[in-house]
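Student: Listed in order, the protein sequences are those of chains A and B. At position 38 of the first sequence (counting the first as 1) the number is 38 in our numbering, and the numbers step up by one without a gap. Take the position in the second sequence, starting the count at 1, then add 280; the result is the number in our numbering. Handing you a structure now.
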Amino acid sequence: MPRDLADVLHYFLPELEESTPSPENASELPAPSANPSGPPTDFQRRRGSHSSALPILGLPIGTQDVVRAALAWNLAIETARLGAATVLVAPESDRGSPLWPEPGIGPLGCELVFCPAKDITSLYEAAAEIALRRAGSAKRGGVVFLRIPPEWIGRDAAPQSLVRWFLFLSAARHEDLRDTLAFARKMVSQHPDAEIGLSVHGVSSIAEARKAYESLAKSMRHELSQDLVSYGLLVDDLHVYRAIAAQRPIGLAHPQSPAARALGDVARLIYEDARSRVLG
Amino acid sequence: MADLEWTGTIESASLRRALRGALRRQAPELRLIAEDFLAEESPLDLLAVGTDGELVSVRISLNSDPASAALLFTRGLADLRWLRLRHQDLLKLAPGLGLEVGAEPRSIILCPEFGQELRRAAENLPDPAVRLLTFRSLRQQGQLMLLLEPQKPALTGARATEETPATAPLDSAPVVVQPISAPALQSASHPSSSTFRTGLRSEDLRLEPLPRESHRKA
């Protein structure tokens, strides 16, 4: 059956909208996507309702892992600096914890949202709904960063299609890489179609990060037949810890610091990969 | 290491996943933007943006019989026109895709084997409008993996020679597949399929002296 642009136009409608999310509606969960021009086409039916949503990047971060949470929050902000619409979604149980600042729209429009999820399914569904809603105002694309409690992975079956892109943050020490590999086994078992990336943090040189990445990539390839996508390296310098204590973005407080440069570089990689998912 | 030829059925989703992995390894400059994307009448397996900001359709078939290969080839040709007509629209509607004005679309067609007639037909097309790639389906740790094979001379503009092995392993000859660039050649020659990425230089990580609190006036 011949098609024309109208059949794919719905993909790009968000690009035409100029509005930005307001604090008033920031925490509302979205309604299912609608086709204002009439019933969905065959094309739309086949593509499903998640094709125009922002990509979701799942980050396994422990409940007391303040450093990784701070890196994730700063990555979201740096991605926003590049022009992306970014939302950081975390379970409601995180509210009031030292992991995050106050919810709502923060620096550079980066938004922190707590969702009332109690398991992996409801967490993914909440993130997917937010991703769908935010796509409507994301003129230049965006990313939903999702804090996943690691203990939820493997506990219950997770919906396969909602979240398939994950980023591991691992230090370069042998024991950290070993733990990350062990977690990758669980992740791949639960998400056979997952695309898994790694940012090596806590390193003092590029060579150290490269070596750590290549070691883990080789192990994952050999043991899990799973490619590991590199997302560069992050630096844990004094600025990071100061920023954590002050709950201030590193890129704004210390824009010339190595930590800020590294965050900007990783954010660029994330944003580029997110853009490559714009059509689903 | 891949150990066995894949036997048995392959679901289209698994095939596309393996194809994504193969392209990521061997053609990292292709930015995949969609999967199972409906074109004129049938879905593209993958839709990508190339280095020159051009749209690239990627179609794959597990059947190597002449009729299946010819159908895939026809669809690849049709994709060129379909994508060309939509290029301007996509430029306006999705400026974030990285498309460039005037960039001509391309098609990449993958089949386990192409017949001589079809390869001769492809020679008549302007370079690099349509690329024919052969592949092998391998089992690696129980997972499907695609091994893209070197391009045959007939497809690179040179005259085909009968001496060219039709199924030479990827590491037995330089990979000269056209949308695959120099970095891809490098990665294809290494056992590891993953590549460390960073835009940082060593000097970017040089620590600067922090302002000393004691020097500040109250």
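Just so it is clear, CB atoms sit at the ideal spot from N, CA and C, and this is done for glycine as well.
Quick check on residue 129 of chain A: buried or exposed, where buried means 16 or more other Cβ atoms within 10 Å of its Cβ?
Tutor: The residue in question, residue 129 of chain A, is buried, as its Cβ has 16 or more Cβ neighbours within 10 Å.
Student: Hey, does residue 258 of chain A have any beta-carbon neighbour from chain B nearer than 9 Å?
Tutor: Yes, residue 258 of chain A counts as interfacial toward chain B.
Student: Please decide whether residue 290 of chain B counts as near chain A, where near means a Cβ-Cβ distance under 9 Å.
Tutor: Chain A, which has no Cβ nearer than 9 Å to the Cβ of residue 290 of chain B, makes this no.
Student: Establish whether the CB of residue 405 of chain B and some CB of chain A are separated by less than 9 Å.
Tutor: Taking Cβ atoms only, chain A never reaches closer than 9 Å to residue 405 of chain B, which makes this a no.
Student: Between which two residues does the beta strand (DSSP E) harbouring residue 367 of chain B extend?
Tutor: Here residue 367 of chain B belongs to no beta strand (DSSP E); instead the alpha helix (DSSP H) covers 346-373.
Student: Can you tell which of B:328, B:369, B:354 has the C-alpha that lies nearest to the C-alpha of residue 405 of chain B?
Tutor: Of the candidates B:328, B:369, B:354, the one whose C-alpha sits nearest the C-alpha of residue 405 of chain B is B:354.
Student: According to the neighbour-count rule (16 or more other Cβ atoms, all chains shown, within 10 Å of its Cβ), is residue 315 of chain B buried or exposed?
Tutor: It is buried - the Cβ of residue 315 of chain B has at least 16 other Cβ atoms within 10 Å.
Student: Count the other C-beta atoms from every protein chain shown that fall within 10 angstroms of the C-beta of residue 254 of chain A, then say buried if there are 16 or more, exposed otherwise.
Tutor: It counts as buried.
Student: Closer than 9 Å, CB to CB, is residue 269 of chain A near chain B or not?
Tutor: Yes, because at least one Cβ of chain B sits closer than 9 Å to the Cβ of residue 269 of chain A.
Student: Check the Cβ of residue 476 of chain B against every Cβ in chain A and list those closer than 7 Å, keeping chain order.
Tutor: 210, 213, 214, 230, listed in chain order.
Student: Please go through the same chain and pick out, in chain order, the residues whose beta-carbon is closer than 7 Å to the beta-carbon of residue 37 of chain A, but skip the five residues on each side of it.
Tutor: Reliability of the predicted coordinates at residue 37 of chain A is poor, the pLDDT of 37 falling under 50, and no value is obtained from them.
Student: Excluding sequence positions up to five away, which residues of its chain have a Cβ less than 8 Å from the Cβ of residue 119 of chain A?
Tutor: So the list reads 152, 155, 156, once near-sequence residues are dropped.
Student: Relative to the C-alpha of residue 178 of chain A, which candidate in A:243, A:213, A:113 has its C-alpha closest?
Tutor: The residue with the shortest Cα to Cα distance from residue 178 of chain A is A:213.
Student: For a quick check, are the C-beta atoms of residue 370 of chain B and residue 357 of chain B less than 9 Å apart?
Tutor: Not closer than 9 Å, so no.
Student: The segment 323-348 of chain B: which residues have C-beta closer than 9 Å to a C-beta of chain A, in chain order?
Tutor: Per Cβ criterion, the list reads 323, 327, 328, 329.
Student: Against residue 356 of chain B, what residues of chain A qualify as contacts under a CB-to-CB distance less than 9 Å, listed in chain order?
Tutor: Within 9 Å Cβ-Cβ: nothing; residue 356 of chain B doesn't reach chain A, min ~17 Å.
Student: Between which two residues does the alpha helix (DSSP H) harbouring residue 333 of chain B extend?
Tutor: Neither: residue 333 of chain B is in no alpha helix (DSSP H) and is coded neither H nor E.
Student: What does residue 301 of chain B reach in chain A if we use C-beta pairs closer than 9 Å?
Tutor: Under the 9 Å cutoff, chain A gives 227.
Student: Just the Cα atoms here: how many angstroms apart are residue 237 of chain A and residue 182 of chain A?
Tutor: Rounded to whole angstroms, residue 237 of chain A to residue 182 of chain A spans 27 Å at the Cα level.
Student: For the candidate residues B:417, B:374, B:381, whose alpha-carbon lies nearest to that of residue 294 of chain B?
Tutor: Measuring from the Cα of residue 294 of chain B, the nearest candidate turns out to be B:417.
Student: Using CA coordinates, which residue listed in A:227, A:139, A:158 is at the minimum distance from residue 375 of chain B?
Tutor: Of the listed residues, the one whose Cα sits closest to residue 375 of chain B is A:139.
Student: Counting only Cβ pairs nearer than 8 Å, list the residues of chain B close to residue 235 of chain A.
Tutor: The answer, in chain order, is 485.
Student: Among the residues of its own chain, which have a CB less than 7 Å from the CB of residue 16 of chain A, if the five just before and after it don't count?
Tutor: With a pLDDT of only 31 at residue 16 of chain A, under 50, the local geometry of the prediction cannot be trusted, and the value read off the model is given with reservation. Around residue 16 of chain A: no qualifying Cβ.
Student: Which runs of the beta strand (DSSP E) fall wholly inside the segment 59-112 of chain A and span at least 3 residues, in chain order?
Tutor: List check, beta strand (DSSP E) in window: 85-91.
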